[in-house]
Structures are given as C-alpha cells and as structure tokens.
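Trainee: This is the structure I want to talk about, given as structure tokens.
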Amino acid sequence: MNLRHIAIYFLLMFSCVCAYAQKSSISGNVVDAANDSVLFRATVQLLKTDTTFVGGVLTDDMGRFEIKVDAPGKYILKVSNMGYLERMHDVVVSAGRKTDAGSIKLEQSVTLLGEAVVTANVPKVVVQEDTFVYNAAAYRVAEGSAIEELVKKLPGARIEEDGTVTINGKQVKKFMLDGREFMGGDVQNGLKNLPADIVDKIKSYDEKSDLAKLTGIDDGNEVTVLDFTVKKEMKKGFNVNTNVGYGTHDRYAGRFMGARFYGDLRYTLISNMNNTGNGGKRRSKMTGLNINYEKRDKLKIDGGIRWNHSDNDNWSRSSVESFVNQTGAFSNSENQNYSRSDGWNANMKLEWKPDTMTTITFRPSFNYSMNDGRGFSSSASYKEDPYIYVDDPLSEEGIGVMDDNGLMVNRRRNKSLSNGSNWSTGASLQFFRKLNSKGRNIALNGNINYGKGNNKSLSASNVHFYLVQDMFGNDSTYQTNRYNVSPSDNVSYSLRATYTEPLLKNVFLQMSYQYQYSHSMSDRKTYNFERIAEEAWNDIMNGYRDWNSMFELFEQPLEYYLDEDLSRYAEHNNYNHNINVQLRVVDEKYNLNAGIVVRPQRSHLIQDYWGMLVDTVRTVTNISPTVNFRYRFSKFSDIKFTYRGSTSQPSITSMLDITDDSNPLYISKGNPGLKPSFTSNINLNFKSHAMKHQRNITAGARFSTTRNSISNMVTYDEKTGGRTTQPQNINGNWNGSLNFSFNTSIDTSGVWTVGTDSRVNYDHYVSYINLNNDASSEKNVTHSTSFRENIWGNFRNDWLDVGVHASVNYNMTRNMLQSNNNMDTWRYSYGMDVDIKAPWGMSFWTSINQSSRRGYNEKSMNTDELIWNMQISQSFLKKKALKLMLEFKDILREQSNFSRSINANSRNDTEYNTINSYVMLKVQYKMNVFGGKKARREARSEG
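Position 700, counted from 1, in the sequence shown is what numbering that gives the first Met the number 0 calls 699; the numbers after and before it change by one each time, with no gaps.
Structural data, given as structure tokens:
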C-alpha cells in the first residue's frame with residue numbers, strides 16, 4: 000500500500016467520523032392552540048414508529064425544544080402538558096441535518112356529556128404560568144346575561160362605573176376570543192355584546208407586543224387582556240344566539256350573535272340595542288362583523304368592521320369642595336346634557352409566515368365618527384358648605400338664604416351647542432426574520448397614521464359676582480357668548496430596526512433604534528358676541544345643529560365678530576429617536592429582563608394666540624430604565640418583580656409665558672421654568688396554585704413616586720370664586736397599594752368553596768395653593784387612604800348554587816389646609832345569590848344585597864339600599880333552544896346613582912339620572928346547525 004492509498008484511507012475514515020459526530024436533531028416549539036401562548040415545561044418525547052422510546056425533553060421558557068437524534072428516519076413526537084390533550088406529530092429526520100417541527104399546538108382538555116355538564120367539582124380558577132384560567136361553568140349568572148355579568152363574578156375582577164375593567168389590580172386593555180383579537184380588541188364592546196353562555200373559559204394574562212412574542216424579550220409594551228374561549232360545541236357549522244326583551248319604563252334590550260364556521264374560516268356577526276345602561280338615560284345600538292381565518296403555521300387573518308350609535312339624555316348634580324384655601328371653597332352644579340354620536344371602525348391583523356424563519360405582520364385600520372351635543376347647566380360657589388344651611392343650594396330659595404348670610408361668591412348659567420366629525424386611518428407593517436435556531440434574529444417595523452377633524456361649538460354664559468360691585472355699587476355681572484370653529488390635521492409615521500444576538504446559551508442581547516415623526520395642526524377661529532344679552536339665548540339652540548337660530552341674532556355678517564386675540568393657530572412637530580438596549584437571561588427557574596431606553600426629542604411649535612406669535616424649538620433627552628425578574632418555585636407558583644422608570648417632559652404649550660384669561664373664572668398661565676419629571680414604578684407579585692385543593696393565593700405590592708411632578712398652582716380669588724392655574728414642579732407625590740387574594744375548596748369534591756380579597760391603597764397628593772393673589776404660595780397635602788375587604792362562600796351541586804358575600808370599603812381623607820373638613824366614609828355591603836335549576840327546564844335566580852353609606856356631609860348621600868333582583872326562566876323545545884325569562888331589576892326601588900372622586904385639589908360627589916328599577920320580559924333562542932351531513936348525523940345521535 001503506497002502513501003497515496005494510505006492518505007485516501009485516512010481521509011475516508013476522518014469523513015466517516017465527522018459525519019457520525021454531526022448528529023441530527025429535531026427542534027420546534029409548543030403553544031396553546033387557543034391563543035398561541037407558549038407552554039413552558041411541556042413534555043416532548045421522541046418515539047420510533049413502533050412507539051419505542053428514543054428520548055425526551057421539557058420545553059424552555061419560550062416553549063422551545065430540541066432533541067438530538069442518532070440515526071435518520073421516521074419518528075413520532077409525542078407532546079403532552081397538564082390540562083391539554085396529548086398530540087402525536089410525525090417527523091422525518093435527515094442525516095446530519097436539523098429538522099424544524101414548527102409550532103405544535105395543544106388543545107385544552109374539556110369533557111362534555113351531551114346536555115349534562117358535570118360542574119360541581121369544576122375548579123373556579125387554575126394558574127398556568129402567567130395566566131389565570133377561570134372556568135365559566137363555576138360562575139353562574141342569570142340566563143341570557145352578557146359576558147360582562149360573568150366577569151363581575153371573577154375573583155379579583157372589578158368593573159368601574161365608567162366601564163373600566165381591572166383584574167388582579169391591572170386594567171384590562173384588550174378583549175380576545177379564542178386567542179384572537181375580536182372587534183379590534185375593544186373591551187366594552189366585547190363584554191356588553193356577547194352572551195355569557197357561549198364561554199367555556201376566561202383567561203387573564205399580560206399579552207406582549209407582536210415583536211416581543213417573536214423575540215421573547217420584553218419591550219415594555221405589554222397589555223392586560225381577557226381572552227374568552229368559546230365552548231367546543233359552538234365551534235362547528237352555524238350557530239345563532241338571540242335575546243330580546245321589553246319592560247316597564249319603556250326599557251328594552253336586544254342582542255344577536257351569529258357565527259359560521261367553515262373549515263379554517265369563521266364569521267361572527269353581533270348586534271345589540273338597549274337603553275338599560277348606567278350613567279344617565281342612554282340608548283345605544285351596535286352592529287359588527289368579525290372574520291377570522293387561520294391556515295396553521297402559515298397565515299392568520301383577523302378583521303372586523305363595527306358601527307356604534309348612542310343617544311343620551313344625561314342629568315347630573317355635583318357637589319365639589321376645592322382645597323384651595325384655609326376657609327374652604329364649595330361649589331354645586333346641575334347639568335342637563337343631550338348628546339348623540341355615530342362611529343364606524345374597521346381594522347385587520349394579517350400574520351403571514353412564508354417559511355419557518357420569517358413572519359410578516361400587517362395591521363391597517365380606519366375610524367370615522369360624528370357627534371352632536373347640547374346642554375344647559377347652572378352652578379354656584381359658596382364660602383362655606385351650603386348643606387349646613389339649605390337642602391337645595393341651587394334653588395332660588397337656597398341661593399337667597401346663602402346670599403342673606405353673606406356666603407354667596409358667584410352664580411353661573413350656561414347654554415351650549417356642539418357638532419363635530421373626525422376621521423383617521425393608519426397601518427403598521429412588521430418584518431421578522433430568524434437568522435439561526437439559537438435566537439439570532441432581526442425585525443423591521445414601520446407605521447403611518449393620518450387624521451382630520453372639524454368641530455364647532457357655542458357657549459353662552461352669564462355670571463353673577465356677589466362680592467364684586469360695579470361702578471353703581473350693584474353686584475357685578477358679565478355675559479360671554481363665543482362660537483368656535485376648530486379644524487385640525489394630524490399625521491405621524493415611525494421606522495424601527497431591532498436586532499437580537501445570543502451571547503450565551505441562555506443570554507440574549509437586543510438592540511433597537513426607532514425614529515418617530517408627528518405633525519399636528521389646529522386653526523381655531525373664535526367669534527365673540529358679548530353684546531347679545533342672556534335673554535336672547537333662552538328660546539334658541541333647542542335642537543341639534545340649530546346654528547341658524549344663532550345666526551338670526553346677528554346684525555352683521557359672521558366674520559364681523561371674529562376675535563383675532565381669542566382665535567388660536569398652532570402647529571406642532573415632534574422628532575423622536577428611541578435607542579433601546581435590553582438584556583435577557585433565561586433559566587429553568589428564573590427569567591431576567593433588564594435594559595434602558597434613551598429618547599432624544601426635538602419639538603417645534605408655531606403658535607399665534609393673544610396677539611403673540613411664538614416660534615420655538617426645544618430639545619430634550621428622556622431616559623427610562625427597566626427591570627423585569629421572575630422566579631419560579633414550581634410550574635404553579637412564582638414571584639415577579641418589575642421596575643420601570645420614565646422621564647416625562649412638560650408640554651411645550653405649558654411652558655409658554657402666556658396668560659389666557661378668556662374665561663375670568665378659569666384663568667391659565669404658562670411657566671417657562673418647568674423641569675422634566677421622573678416617575679418610578681415598582682411592582683411585586685406572587686401567585687400560587689394547588690391543584691389538589693383548588694387553592695389559589697395571589698399577593699401584590701405596588702409603589703409609584705414622581706420627582707419634579709408637574710402640578711397646577713391654584714390662585715383662588717375669594718371675591719369672584721375664580722381660579723388661576725399655573726403649572727409648577729413639586730416633589731412629594733407618591734402612592735402605593737397592597738393586595739391579597741385567597742380562594743380554596745374546603746371539601747374534596749369542590750362543592751364548598753370560600754375566598755377573600757383584601758386591598759389597601761394610599762395616595763399622597765401634593766399641590767401648590769396661592770391665596771388672594773399673594774406672591775407666596777403654600778404647599779397643600781391631601782392624604783387619601785382606602786381599604787377594601789371582600790369575603791365570599793359558595794355551595795354548588797348540579798341543581799343548586801348558593802353564594803354569600805360581604806364587603807366593607809373605608810376611605811379616609813386628610814387635608815392639610817382644611818382639617819375641619821377631613822372625611823371618613825364607609826360603604827358596607829352583604830348579600831346572597833341563589834340559582835336553582837329544575838329538571839323540567841325551569842330556572843330561578845335571585846340576588847339580594849344590602850348596601851350602606853356613612854360619613855358624607857350631605858345627608859342624602861348617607862343611604863341604606865336593599866337591592867333585590869330576580870329572574871325566572873323556562874326552557875322549551877329540543878336541547879332547550881327556546882327560553883322565556885321574566886327579569887325584575889331593583890324590585891324595592893332603593894338603588895341610587897352616586898359616585899365620588901378625590902385628588903389633591905378637590906373632592907367631587909356626583910349623582911346621575913339612571914333608571915335602575917324595571918321589569919322586563921325576555922325571549923332567548925339558540926340554534927346550532929353542524930356542518931356536513933355526517934356531523935349532523937353525529938349531533939342527532941348524541942342528542
């Protein structure tokens with residue numbers, strides 16, 4: 000054998016060794032089929048075709064896995080996770096290559112027994128990583144209820160009077176259905192327009208941005224969502240759910256939902272009309288179409304179009320105490336407002352994966368709205384609390400008593416008319432590309448938005464000053480009549496590039512740069528008709544868009560009344576650069592995200608107002624550090640710490656040295672010396688779930704403080720009751736809260752459950768107050784402490800559900816300048832709910848609740864209300880498709896309409912004209928038509 004043969008022999012041997020050393024592998028990721036959320040520590044096993052075990056791993060924090068394979072060939076991936084259906088996935092492995100299995104989606108396990116669903120031992124809530132999963136079957140609501148009523152039952156959930164939804168202390172910003180955006184994610188539309196009986200599970204979690212989902216690195220743009228999973232039997236063929244009702248006081252309600260499932264395509268049509276809303280007499284209508292299409296691992300399309308109409312008749316009465324001087328400043332107002340609006344909204348999300356390494360996301364949107372309004376108001380200000388002297392401070396008799404006692408400051412009557420239209424359109428495009436399987440990737444983003452508006456408004460006001468005399472020694476009065484025409488124009492766009500580099504196996508560095516530009520223009524024309532007396536306005540402007548009756552008052556053409564000083568032109572351009580560096584560390588037990596954002600900003604303002612032409616440029620730099628750390632004790636228990644710091648610059652208009660006294664009761668001044676403020680937000684959250692006992696524990700702490708906070712210094716004129724405000728930097732504003740929630744089953748079958756929810760909030764408000772135009776100002780501090788405790792218990796079997804609850808809310812307010820008016824208010828509530836289901840299809844539901852208020856200055860606010868609601872329903876036809884329901888709301892007619900808000904400068908108590916007590920007869924019809932002859936035969940055989 001010569002040397003040449005020996006060399007060839009060794010070369011072949013070396014090639015074989017190298018080929019053997021370069022093993023094949025299989026990689027992929029495991030996600031929830033409902034919402035594409037990653038499944039951490041899911042079990043992935045590799046089997047031969049004869050099911051012989053080859054190897055296995057657990058998925059990492061991003062749901063990813065990789066298994067080394069010794070020999071090429073055909074294999075089976077067996078994927079499983081607690082609470083999900085097991086899935087088998089066929090794969091073919093090539094020699095020396097990495098095989099990408101893509102995204103493997105697991106369906107949640109649900110057991111249905113025809114019409115009978117076993118619910119007695121259904122866990123109320125299960126914690127899966129960062130997700131709270133609530134079983135809808137464990138929370139019974141009255142037949143025909145909307146999803147909103149179901150959410151009110153969830154532990155830790157709260158719906159405020161303005162419709163804001165919070166859960167576990169976080170505000171819900173997006174509504175989803177089966178993991179997909181529904182009607183653009185609008186929370187209130189989703190809660191009010193979809194029926195509760197279609198829901199199987201409710202998930203609450205923080206959804207990351209489109210980019211963060213792909214890279215796994217937190218960019219701080221997460222939002223809290225409620226994601227509703229539809230029952231499986233309603234995801235086939237065609238189904239309809241309709242509910243209509245009419246009752247006393249002309250109350251009515253109608254709701255329709257129709258869904259069509261056709262392969263990978265789903266159409267959902269919803270419609271709603273009612274006049275049973277809160278916050279006044281409100282009539283609303285809504286119709287929307289939502290379309291979802293999904294070609295697994297290739298293409299997703301979620302889109303919708305929606306029309307909303309509202310017609311409102313709102314009456315309100317407010318009592319306000321302003322903390323602006325040491326003797327107090329009190330005011331009352333009564334408002335009657337009529338308004339109507341129409342809005343159209345269209346949006347879409349398209350996600351395309353041309354290959355396993357590339358994802359393209361496109362989001363276009365369009366909005367158009369029209370609105371009309373007209374209103375009447377009466378208000379007055381006093382030196383002392385008027386309820387000490389009279390019961391009705393705004394009546395002629397009440398005004399007379401206060402005037403006789405020398406306690407009147409001013410009185411104002413106002414009439415208004417408005418009309419406007421606005422539209423906007425925009426789109427965003429994101430390109431994401433994996434550069435390897437280790438985490439290296441790049442993303443490019445761009446978005447553009449454009450909008451226009453045209454709004455008109457008229458205000459006619461008469462003010463009577465009781466402490467200011469005219470040249471003849473009489474009380475001073477003045478009349479202001481102003482008509483504003485305000486066109487506006489807005490455009491913005493941004494470009495962003497992001498790069499992620501794996502530094503080590505579990506350490507990633509992300510760098511991004513974003514450029515943002517925005518332009519806004521408004522050109523308000525103000526017409527002044529001060530010489531027209533108050534009496535001239537009494538019989539005009541009594542209908543929407545009644546502009547002609549106003550023009551008939553003028554002796555001159557409209558342009559003659561143009562006030563150049565009060566008119567305002569403003570053009571604002573912003574140029575922002577965002578430089579972001581984030582470091583992520585991933586471990587089996589913990590996750591760490593830390594980074595910093597630097598934002599150089601240049602603002603250019605051109606303004607012509609009060610005879611001053613301003614052309615100014617400001618350049619600033621904002622710095623925002625972030626830290627996000629989570630430690631897992633187990634799959635069902637973890638603790639999370641979050642810190643976010645942010646710099647906020649004062650608006651450029653607030654820094655202009657201009658005094659705006661167009662309204663003598665509300666004068667504003669700019670402050671060229673304003674400094675940027677820096678806010679630190681710290682959150683610490685713990686949660687734990689014990690599956691065996693259906694036990695959940697959550698606890699949290701939140702703290703926020705602001706350095707150089709921007710607060711309005713208020714100068715109060717005790718003679719006119721007018722206020723002059725000027726922004727000032729101030730330190731000492733901070734707030735914090737603690738919360739604890741616990742619920743558990745007290746028996747092995749889950750028939751008996753108990754729970755508690757405790758929350759404590761403290762707010763330290765600081766503001767400046769300047770008395771009687773004195774050069775010096777005083778620091779005013781308001782301490783506001785609130786405590787809320789809620790306990791509940793529940794017994795549940797197949798035909799009976801009984802729940803009892805009790806709560807107490809305590810609010811303590813301490814004001815440094817007005818210690819004699821410190822307040823301690825209490826709200827107590829206790830009651831029970833009963834739901835009985837008879838075997839012949841009849842249901843009886845009732846709720847009775849005692850609510851009491853104490854500690855309010857106005858005696859009428861200290862109330863005891865026994866609220867009793869009831870509903871009786873009877874089902875008819877096969878599968879209970881038809882239901883007749885008789886609903887009784889506030890049977891004893893004791894529910895009031897009251898709200899309170901407190902800040903550093905004032906306390907505001909407001910009462911509305913909502914109709915709460917009525918009786919309504921409702922009819923509900925549900926129809927399910929399953930697709931295909933085979934499916935229909937199976938449905939009939941199951942029935």
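No residue lacks a Cβ here, since even glycine has one placed at the ideal position from N, Cα and C.
1) Shortest alpha-carbon distance to residue 103 belongs to which of 71, 612, 32?
2) By alpha-carbon positions, which one of 647, 435, 643 ends up nearest to residue 681?
3) Would you report the Cα separation of residue 334 and residue 564, rounded to the nearest angstrom?
4) Between which two residues does the beta strand (DSSP E) holding residue 844 run?
5) Going along the chain, which residues of its own chain have a beta-carbon closer than 6 Å to the beta-carbon of residue 734, five neighbours each way excluded?
6) Quick one: give me the first and last residue of the alpha helix (DSSP H) that residue 403 is part of.
7) With DSSP as the reference, please indicate the residues paired to residue 209 in a beta bridge.
8) Give me the Cα-Cα distance between residue 369 and residue 185, rounded to the nearest whole angstrom.
9) Please return the same chain residues whose Cβ sits closer than 8 Å to the Cβ of residue 233, not counting the five positions on each side in sequence.
10) Mind checking whether residue 462 and residue 477 have CB atoms under 8 Å apart?
11) Roughly how many angstroms lie between the CA atoms of residue 423 and residue 260, to the nearest whole one?
12) Rounded to a whole number of angstroms, what is the C-alpha to C-alpha distance between residue 508 and residue 500?
13) Quick one: give me the first and last residue of the alpha helix (DSSP H) that residue 798 is part of.
14) In angstroms with no decimal places, state the Cα-to-Cα distance between residue 106 and residue 84.
15) Less than 8 Å between the CB atoms is what I'm expecting for residue 251 and residue 271, so what's the real figure, rounded?
16) Would you mind reading off the limits of the alpha helix (DSSP H) that contains residue 176?
17) Measuring alpha carbon to alpha carbon, tell me which of 205, 255, 882, 170 ends up nearest residue 192.
18) In terms of residues, what are the limits of the alpha helix (DSSP H) holding residue 429?
19) Taking the CB atoms as reference points, tell me whether residue 695 and residue 584 lie closer together than 8 Å.
20) What number of angstroms, rounded off, separates the C-alpha of residue 922 from the C-alpha of residue 541?
21) What distance in whole Å lies between the Cβ atoms of residue 253 and residue 243, which are believed to be in contact at a cut-off of 8 Å?
22) Using DSSP bridges, identify the partner residues of residue 525.
23) Whole angstroms is fine: what's the gap from residue 604's alpha carbon to residue 787's?
24) Once DSSP output is grouped into helix, strand and coil, what is the label at residue 546?
25) I'd like to know whether the C-beta atoms of residue 313 and residue 336 end up nearer to each other than 8 Å.
26) Please confirm whether residue 303 and residue 183 have their CB atoms less than 8 Å apart.
27) Between which two residues does the beta strand (DSSP E) harbouring residue 350 extend?
28) Counting pairs of Cβ atoms below 8 Å between the stretch 698-713 and the stretch 721-733, do you hit three or more?
29) Can you tell me which of the three DSSP states residue 12 falls into?
30) CB residue 24 to CB residue 68, shorter than 8 Å?
31) Could you check where the alpha helix (DSSP H) with residue 189 kicks off and where it finishes?
32) Roughly how many angstroms lie between the CA atoms of residue 873 and residue 833, to the nearest whole one?
33) Of all the beta strand (DSSP E) runs that stay within the bounds of the stretch 281-330, which reach a length of 3 or more residues?
34) Of all the beta strand (DSSP E) runs that stay within the bounds of the stretch 646-734, which reach a length of 3 or more residues?
35) What does residue 644 pair with, by DSSP beta-bridge criteria?
36) Can you tell me where the alpha helix (DSSP H) holding residue 833 begins and where it ends?
Mentor: A quick look at the data gives this:
1) Per the Cα distances, 32.
2) Closest by C-alpha distance to residue 681, out of 647, 435, 643, is 643.
3) Each residue's CA atom was taken as its position, placing residue 334 and residue 564 some 30 Å apart.
4) Unbroken beta strand (DSSP E) run through residue 844: 841-853.
5) Hits under 6 Å: 703, 762.
6) Start and end: 395-403.
7) In the DSSP secondary-structure assignment, residue 209 is not bridged to any residue.
8) Our two residues, residue 369 and residue 185, have alpha carbons roughly 19 Å apart in a direct line.
9) The residues are 197, 258, 927.
10) Yes, Cβ-Cβ distance for residue 462 and residue 477 is below 8 Å.
11) Residue 260 has its alpha-carbon roughly 32 Å from the corresponding atom of residue 423.
12) Each residue's alpha carbon lies about 5 Å from the other.
13) Counting along the chain, residue 798 falls outside any alpha helix (DSSP H), and DSSP gives it neither H nor E.
14) Each residue's alpha carbon lies about 6 Å from the other.
15) Rounded, the Cβ-Cβ distance is 11 Å, inconsistent with contact.
16) Bounds of any alpha helix (DSSP H) do not take in residue 176; it lies within the beta strand (DSSP E) bounded by 169-176.
17) For residue 192, the nearest C-alpha among the options comes from 255.
18) Where residue 429 is concerned, there is no enclosing alpha helix (DSSP H), although the beta strand (DSSP E) it sits in stretches over 407-433.
19) For residue 695 and residue 584, no; Cβs fall outside 8 Å.
20) Their backbone Cα atoms lie some 39 Å apart in a straight line.
21) Yes, residue 243 and residue 253 are in contact; Cβ-Cβ is about 4 Å, under 8 Å.
22) For residue 525, which the question treats as bridged, DSSP gives the partners 483.
23) In this structure, the straight-line span from the alpha carbon of residue 604 to that of residue 787 is close to 46 Å.
24) Note: residue 546 maps to helix in three-state DSSP.
25) Yes. Within cutoff.
26) Yes.
27) 328-354 is the span of the beta strand (DSSP E), which, as asked, contains residue 350.
28) Three or more pairs of CB atoms, one per stretch, sit closer than 8 Å, so the stretch 698-713 contacts the stretch 721-733.
29) Its pLDDT being 41, under 50, residue 12 is placed unreliably in this model, and the value from its coordinates should be taken loosely. If DSSP states are grouped into helix, strand and coil, residue 12 belongs with the helices.
30) Yes, Cβ-Cβ distance for residue 24 and residue 68 is below 8 Å.
31) Bounds of the alpha helix (DSSP H) holding residue 189 are 186-192.
32) If you take the alpha carbons of residue 873 and residue 833, they lie about 16 Å apart.
33) Counting only runs of 3 or more, we get 298-321.
34) Taking 3 residues as the shortest admissible run, the stretch 646-734 contains the following complete beta strand (DSSP E) segments, listed from N- to C-terminal end: 665-668, 676-689, 694-706, 708-715, 722-729.
35) Within the DSSP secondary-structure output, residue 644 pairs in a beta bridge with 679.
36) Taken as a continuous stretch (DSSP letters only), residue 833 belongs to no alpha helix (DSSP H), being part of the beta strand (DSSP E) at 822-836.
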